[in-house]
Amino acid sequence: MKTRVFTFHSDPGHAWLEVTKQDLRGLFIVDDISGYSYMSGEKVYLEEDCDALKFLKSYQLQYGKMKIDEKHMDGESFIRNLQSYKA
Numbered sequence: 904m905k906t907r908v909f910t911f912h913s914d915p916g917h918a919w920l921e922v923t924k925q926d927l928r929g930l931f932i933v934d935d936i937s938g939y940s941y942m943s944g945e946k947v948y949l950e951e952d953c954d955a956l957k958f959l960k961s962y963q964l965q966y967g968k969m970k971i972d973e974k975h976m977d978g979e980s981f982i983r984n985l986q987s988y989k990a
């Protein structure tokens with residue numbers, strides 16, 4: 904299986920892991936994500952403190968390796984203006 908690459912977005916105050924709704928469905932954790940994460944279309948931005956860790960642990964158990972691509976913004980991230988996550 905090809906190693907997946909996920910993007911970890913951060914700004915000076917917080918960080919989020921970018922995944923898709925399909926990723927969450929595949930791991931059966933759609934209903935386990937909090938409203939502190941955000942969404943836009945099929946993309947979900949998992950907050951770093953709980954949701955991202957939950958995803959990463961589940962992904963690693965089911966699929967093994969992954970890579971993380973980090974993207975830092977010096978100002979406020981666009982993610983803060985997105986809709987809160989809803990299953």
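Sequential numbering from 904 applies to the sequence shown in our numbering. Virtual Cβ for every residue (Gly too), placed ideally from N, Cα, C.
With fewer than 16 other Cβ atoms from the protein chains shown falling within 10 Å of its own Cβ, M976 counts as exposed.
Bounds of the beta strand (DSSP E) holding L920 are 918–923.
Boundaries of the beta strand (DSSP E) around S943: 941–943. In the three-state reduction of the DSSP assignment, I982 falls in the helix class, which pools H, G and I.
For Y966, the enclosing alpha helix (DSSP H) has its first and last residue at 954–966. In the same chain as S980, and ignoring 5 residues on each side of it, the C-beta atoms closer than 8 Å to its own belong to H912, S913, D914, H917, W919, in chain order. Comparing alpha-carbon positions, the option among D952, Y962, I971, Y939 lying closest to N984 turns out to be Y939. Taking C-alpha positions only, I971 is separated from T910 by approximately 6 Å.
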